[in-house]
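Just below is one structure, and these are the notes that go with it.
In my numbering, the protein residues as written are 25 to 353.
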């Protein structure tokens, strides 16, 4: 079992609304793996248009982008995301077999810490809460105090992929299992107007479409490039990765899914169903749905496409969002 890290968890009572000259605007950022880079485009568009963001709640990749934004490092995250390629991504894989997840997540934690430093949730200039799920109770957990890096890491602990995080007597995993688009959390934070970003629409398996090569100037098939990338990592890291290589890579002649894809698609099909139910029961004022269906769930190297999709989706709703804020003044 992974080394336990204890997180302080506060109660989930609503926060008193902050005093603003405008209605309090909350941003609920949903789960969605690599598609989560679209959150960057959404936030940048709202910020450039002068739309105030007074509080943020995030699940999984939404917690990463939301927490980094509230820490004042969104532009740095955007630069890092745009420079990600498969080789850099593979270097972040720290194999944890046979523990409670394929990856220990220490390198991912270090990546988050580079962006958030040692900031705590209670010292952020924009209030931010991260959503995780308790394996003991099955209920969602709202993390609202403690280190930002630990809150994000707990919210991103996708079962089977990243090892869970210990908090007191419970183990925390991905927030998307219980609350994929945390509208209710924004409401509890005192938001008058809630803008939600849903990345879980239309995520079911579909035929693969052509997309950009993984490395500039190469014309090799994607599956062959991916296999060579994993082989390179194996050569660098030794025998441990050799055990995992057949699970991760796909040969061109093999149409079957990789282990990562089976886990990710299964979780996201479940999250799609939960998202539909929760949004119907507690709809936000504005729902942004970036067109990121073409981006597969582990394709973090496609940040340019995802960010552009988030920008387009947010721009389409800008007039209505501005009008709603002006009416509430």
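No residue lacks a Cβ here, since even glycine has one placed at the ideal position from N, Cα and C.
In three-state terms, what does DSSP make of residue 204? Counting from one through the chain shown, the residue named residue 204 turns up at place 180. In the three-state DSSP reduction, residue 204 falls in the coil class, being neither helix nor strand.
Self-check item: Member of 346, 324, 340 and 332 whose CA lies at the smallest distance from the CA of residue 57
Solution: What you label residue 57 is simply residue 33 of the chain shown in a count that begins at 1. The option with the nearest alpha carbon to residue 57 is 324.
- Tell me which same chain residues have a C-beta within less than 8 Å of the C-beta of residue 209, skipping the five on either side of it? Counting from one through the chain shown, the residue named residue 209 turns up at place 185. Counting only Cβ-Cβ distances below 8 Å, and skipping sequence neighbours, we find 52, 81, 153, 155, 166 and 203.
Return the chain-ordered list of same chain residues with a C-beta closer than 6 Å to the C-beta of residue 109, the five sequence neighbours on each side being excluded. Along the chain shown, read from residue 1 onward, the residue named residue 109 stands at position 85. Around residue 109, the same chain offers 325 as residues with beta carbons nearer than 6 Å, after the five sequence neighbours per side are excluded.
Quick one: residues in its chain with C-beta nearer than 8 Å to the C-beta of residue 69, no 5 flanking neighbours on either side, listed in chain order?
-> Within the chain shown, numbered from 1, the residue matching residue 69 stands at position 45. Correct list, in chain order: 334, 335, 338, 339 and 342.
### Alpha carbon of residue 201 to alpha carbon of residue 127, nearest angstrom
Along the chain shown, read from residue 1 onward, the residue named residue 201 stands at position 177. Along the chain shown, read from residue 1 onward, the residue named residue 127 stands at position 103. The alpha-carbon atoms of residue 201 and residue 127 are separated by roughly 19 Å.
Next item on the list: State yes or no: is the C-beta of residue 205 within less than 7 Å of the C-beta of residue 222?
Entry: Your numbering for residue 205 matches position 181 in the chain shown. Your numbering for residue 222 matches position 198 in the chain shown. The answer is yes: Cβ separation under 7 Å.
So, for residue 142: in the same chain, excluding its five sequence neighbours on each side, which residues have a beta-carbon less than 7 Å away from its beta-carbon?
Walking along the chain shown from the start, residue 142 turns up at place 118. For residue 142, where only same-chain residues beyond five positions count, the Cβ hits under 7 Å are 171.
Exercise. Can you name the start and end residues of the alpha helix (DSSP H) that residue 362 belongs to?
Worked result: Because residue 362 is not part of the residues shown, which for the chain are 25 to 353, the question remains open.
- Buried or exposed: residue 146, going by 16 or more other Cβ atoms within 10 Å of its Cβ? By 1-based counting over the chain shown, the position of residue 146 is 122. By the 10 Å Cβ count, residue 146 comes out exposed.
- Message: Only counting the same chain, and skipping five residues up and downstream in sequence, which positions put a Cβ closer than 6 Å to that of residue 186?
- Response: Counting from 1 along the chain shown, the entry for residue 186 is found at position 162. 125, 127 and 129, listed in sequence order.
| Under 7 Å between the Cβ atoms of residue 306 and residue 47? | Numbered from its first residue, the chain shown carries residue 306 at position 282. Numbered from its first residue, the chain shown carries residue 47 at position 23. For residue 306 and residue 47, no; Cβs fall outside 7 Å.
- Query: What do you get for residue 254, buried or exposed, if any count of 16 or more other CB atoms within 10 angstroms of its CB means buried?
  - Reply: Taking the first residue of the chain shown as 1, we reach residue 254 at position 230. Unreliable positioning characterises residue 254 in this predicted model, as indicated by a pLDDT of 49, which lies under 50. A coordinate reading is not provided.
Check: So which of 131, 77, 290 and 66 has the shortest CA-CA distance to residue 113?
Finding: By 1-based counting over the chain shown, the position of residue 113 is 89. Of the candidates 131, 77, 290 and 66, the one whose C-alpha sits nearest the C-alpha of residue 113 is 131.
### Task
Report, in whole angstroms, the separation of the C-beta atoms of residue 176 and residue 288, which I expect to be a contact under 8 Å.
Taking the first residue of the chain shown as 1, we reach residue 176 at position 152. Taking the first residue of the chain shown as 1, we reach residue 288 at position 264. That belief does not hold up - the Cβ atoms of residue 176 and residue 288 are roughly 19 Å apart, past 8 Å.
Nonlocal neighbours in the same chain, by C-beta distance under 6 Å from residue 351, ignoring five residues either side:
Within the chain shown, numbered from 1, the residue matching residue 351 stands at position 327. Excluding its 5 nearest sequence neighbours in each direction, residue 351 has no C-beta neighbour in its own chain below 6 Å.
Taking DSSP as the reference, what is the three-state secondary structure of residue 198?
Mapped onto the chain shown, residue 198 falls at position 174. Shown here, residue 198 sits in a strand according to DSSP, grouped into three states.
> Given a threshold of 16 other Cβ atoms within 10 Å of its Cβ, counted over all protein chains shown, does residue 295 qualify as buried or as exposed?
Replying inline: Within the chain shown, residue 295 is the residue found at index 271, counting from 1. Taking all protein chains in view, the Cβ of residue 295 is crowded by 16 or more other Cβ atoms within 10 Å, so the residue is classified as buried.
Task: First through last residue of the alpha helix (DSSP H) which encompasses residue 349 - done: Looking up residue 349 in the chain shown gives position 325. For residue 349, the enclosing alpha helix (DSSP H) covers residues 327-352.
If you run the structure through DSSP and keep just helix, strand and coil, what is residue 293? Position 269 of the chain shown, counted from the first residue, corresponds to residue 293. Shown here, residue 293 sits in a helix according to DSSP, grouped into three states.
message: Less than 7 Å between C-beta atoms, sequence neighbours within five positions excluded: which residues of the same chain meet that for residue 353?
response: Position 329 of the chain shown, counting from 1, holds the residue named residue 353. Exclusion of the five residues before and after residue 353 leaves 46 as the residues of its chain whose Cβ lies within less than 7 Å of its Cβ.
Handout entry: Among 308, 314, 92 and 107, the one whose alpha carbon lies nearest that of residue 133
Key = The residue labelled residue 133 in the question sits at position 109 within the chain shown. Across the set 308, 314, 92 and 107, the C-alpha of 92 shows the shortest separation from the C-alpha of residue 133.
Practice prompt. Report the rounded CA-to-CA distance for residue 218 versus residue 49, giving the unit in angstroms.
Written response: Translated into positions along the chain shown, residue 218 becomes position 194. Translated into positions along the chain shown, residue 49 becomes position 25. Straight across, the Cα-Cα distance linking residue 218 with residue 49 is about 6 Å.
| query | Applying the criterion that 16 or more other CB atoms from any shown protein chain within 10 Å of the CB defines a buried residue, is residue 174 buried or exposed? | reply | Walking along the chain shown from the start, residue 174 turns up at place 150. Counting of Cβ neighbours within 10 angstroms places residue 174 among the buried residues, the total reaching 16 or more.
Status (buried if at least 16 other CB within 10 Å, exposed otherwise) for residue 212: Here residue 212 refers to the residue found at position 188 of the chain shown. Classified as buried, residue 212 has 16 or more neighbouring CB atoms from the shown chains inside 10 Å of its CB.
Candidates 96, 308, 163 and 116, of which the one nearest residue 139 by Cα: Taking the chain shown and counting its residues from 1, the one referred to as residue 139 is at position 115. Closest option to residue 139, Cα to Cα, is 96.
Quiz item: Considering only residues of the segment 134-205, which uninterrupted beta strand (DSSP E) runs meet the minimum length of 3 residues and lie entirely inside it, listed in chain order?
Solution: Runs of the beta strand (DSSP E) inside the segment 134-205: 152-158, 164-167, 184-186, 189-191 and 194-198.
TODO: Could you tell me whether any non-hydrogen atom of the ligand COA is closer than 6 Å to the CB of residue 86?
DONE: Questions concerning the ligand COA fall outside what the structure shown contains, since it holds no ligand whatsoever.
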